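For the sequence shown, position 455 (counting from the first letter as 1) is numbered 451 according to this note's numbering, and the numbering increases by one without interruption.
Note sheet for the following structure.
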Amino acid sequence: MSSSEYTPLVDGHLYTNAATGVLTERRFKLTVKDGPDKGTSRILEHGTLLVGQHRNNDLVLTDDTISRYHLEIQVRKTGLFIKDLDTTNGTFYGEAKVGTLEVSSAAQLRLGKHTRIEIAPVDTSVALGTFQGDGFGKAVGSSDAMKALFAMLAKVAPTDATVLLEGETGTGKEVVSEAIHQQSNRADGPFVVVDCGAIPENLIGSELFGHRKGAFTGATNDKEGLIKAADGGTLFLDEIGELSLELQPQLLRVLEKREIRHIGDTKSQSVDIRVIAATNRNLLEMIKEGTFREDLYYRLAVVRAFLPPLRERGDDIALLAMRFADNFTSGYTLSPTLLEALKKHRWDGNVRELRNVVERALSLRGIDGHASATDILSPVSHRKAEASTSTAPAHAEMLDMPFKEAKGLLVEAFERDYLEQLLSKHRGNISQAANEAGIDRNYIHRLVKKYGLTIDRS
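In structure tokens, the structure reads:
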């Protein structure tokens, strides 16, 4: 199916209109097209609608060839579930008599011998209004672009709509995904992060879907899997563009059926999850190249949200820098001179790079309590600072940070140092480096990009 033929799948009744990019709400309208009650209509918004001759139905019809209780229509997250209530003259979709039917787009049904009904989507643009405040969860921004993004996410978060977050590395996709989870009806459930680029291809199936003992060599115990671990909460699929073609059909089944099957098992299990995915790659281009499934893309891109790069958010730089500084060392302020220099800098590493620069400013500040812009922004000083501190915070400073933040900084410092030495040892040969380290080569590529490393193959 080409994208031009695609009917949007509406998960939670909200989706991004592919033609306009506008957040859209989908409802359904039922209209009697033929029969004694021709012209009668109802809007289907939520809950269950009963159709039949009896006066207790939500839609009462006078056709004497339909049953007293003929049809049940349930409004679900992904469309409508239609059930014939064991009627005498039946319900027909085309020429086929149906017991149950699921629709997400226009459909026509015949009830009994004379009544024909049409069910059609009714889409309306969602008015977002003006977002108040300068943050959505831990995501920070007061620029027009970020306020527009936050306004849309505030509408989407309370629903179960599947969201695809797009943007360059370091723009804050994981922070935004967690904010969506925290502002959803699933906030008390688990938030499970799966980095699709960090797990070796031979393990990711087991990590995602779990396995049964003895399913393969080394499977000495049952394993639940990360999708099942997210049951009742949110599954965040980071770097979804790195998922292999072999696993994409299995993920598509999860999204369509909300079911998983452990490796080595014959029975499927239902899972109640909301899915958020993120990528820094152009998935539409990958579809053209044959490396990403089109049907999976449209299942993921129900609501699309683009996180702009920091270089296009100049008004947010000072706000972000001061927020980072306060998180690292409570009460510390950045000088006006430094803030002005930060605004003029080109942030190829986006928000993550800015956070590292602010951290460097804290480690290099002089006796006057401030660091100079030259010290923290010049490439030479970057290397000197990294060589002496590995960008890790001092022990005293770590005690002023939340555990997760301090741990993250230390892990980043380790990753950078380890990777530099590993690539140097193998003269930039990523395949050899990945083999020795026991990690996927795609993960090394991501780390190289994340830290802005130059691969020396001499």
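Ideal placement from N, C-alpha and C gives every residue a C-beta, glycine not left out.
Quick caveat, the model's predicted, so the values are computed rather than measured.
Neighbour flag for residue i against chain D, beta carbons, 8 angstroms
| i | result |
| --- | --- |
| E203 | The displayed structure is made up of one protein chain only, and chain D is not part of it. |
Contact under 8 angstroms by Cβ, residue i with residue j
| i | j | result |
| --- | --- | --- |
| L19 | M148 | yes |
| A175 | F132 | yes |
| I272 | S264 | no |
| S180 | A153 | yes |
| K29 | A116 | no |
| N346 | L306 | yes |
| R300 | D156 | no |
| S63 | G43 | no |
| D227 | D268 | yes |
| L45 | L57 | no |
| D344 | G137 | no |
| G457 | G221 | In the structure displayed, the chain extends from -3 to 454; residue 457 sits before or after that span and is not available. |
| V171 | A135 | yes |
| L10 | D130 | no |
| L251 | R319 | no |
| D59 | G31 | yes |
| L419 | A433 | no |
| A317 | L358 | no |
| L248 | L303 | no |
| T287 | L330 | no |
| V298 | F324 | no |
| I39 | R51 | no |
| K224 | A215 | no |
| T74 | S101 | no |
| T27 | E114 | yes |
| V71 | E98 | no |
DSSP bridge partner residues for residue i (one or two, in chain order)
| i | result |
| --- | --- |
| P117 | F24 |
| Q70 | T44, F77 |
| E455 | With the chain running from -3 to 454 in the structure shown, residue 455 is simply not present. |
| T459 | Given a span of -3 to 454 for the chain in the structure shown, any question on residue 459 remains unanswerable. |
| I272 | V159, F232 |
| L107 | T87, T111 |
| V122 | None; V122 has no bridge partner. |
| D30 | R112 |
| A301 | L161 |
| Y11 | T20 |
| S37 | T27 |
| F324 | Paired residue(s): none; F324 is not in a bridge. |
| V136 | G131 |
| L55 | V47 |
Rounded Cβ spacing between residue i and residue j (contact assumed at less than 8 angstroms)
| i | j | result |
| --- | --- | --- |
| R342 | S139 | Actually they are not in contact, since the Cβ atoms of R342 and S139 sit about 17 angstroms apart, beyond 8 angstroms. |
| L406 | L449 | About 19 angstroms; that fails the 8 angstroms criterion. |
| D436 | E197 | 7 angstroms |
| L199 | V190 | Not really, about 12 angstroms apart at Cβ, beyond 8 angstroms. |
| H207 | I259 | 4 angstroms |
| V159 | E21 | Going by Cβ atoms, the distance from V159 to E21 rounds to 15 angstroms, so no, they are not a contact pair. |
| Q244 | R289 | 5 angstroms |
| S173 | F232 | 5 angstroms |
| R412 | Y447 | 5 angstroms |
| R442 | G201 | In fact, because the Cβ distance is near 20 angstroms, the residues do not count as touching under 8 angstroms. |
Residue i beta carbon near the ligand ADP (any heavy atom closer than 7 angstroms)
| i | result |
| --- | --- |
| K284 | Only the bare structure without any ligand can be found here, which leaves the ligand ADP out of the picture. |
**Asked** With contact counted as at least three CB pairs below 8 angstroms, one residue from each stretch, are the region 227 to 241 and the region 268 to 280 in contact?
**Response** Verdict: yes, contact present.
**Request:** For the region 328 to 338 and the region 158 to 177, state whether three or more C-beta atom pairs, one from each stretch, are separated by less than 8 angstroms.
**Result:** Contact between the region 328 to 338 and the region 158 to 177 is absent, because fewer than three Cβ pairs lie under 8 angstroms.
**Item:** Three-pair Cβ contact test at 8 angstroms for the region 80 to 90 versus the region 105 to 114
**Value:** Yes, since at least three Cβ pairs between the region 80 to 90 and the region 105 to 114 fall closer than 8 angstroms, the two stretches touch.
**Item:** Touch test, the region 94 to 105 against the region 67 to 81, Cβ-Cβ under 8 angstroms, three pairs minimum
**Value:** Enough Cβ pairs lie closer than 8 angstroms, so yes.
**Prompt:** At which residue ranges does the region 152 to 231 contain complete beta strand (DSSP E) runs of 3 or more residues, listed in the order of the chain?
**Reply:** DSSP runs (the beta strand (DSSP E)) wholly in the region 152 to 231: 159 to 162, 187 to 191.
**Request:** At 3 residues or longer, and completely inside the region 401 to 450: list those beta strand (DSSP E) runs for me, N to C.
**Result:** With a minimum length of 3 residues, no continuous beta strand (DSSP E) run stays inside the region 401 to 450.
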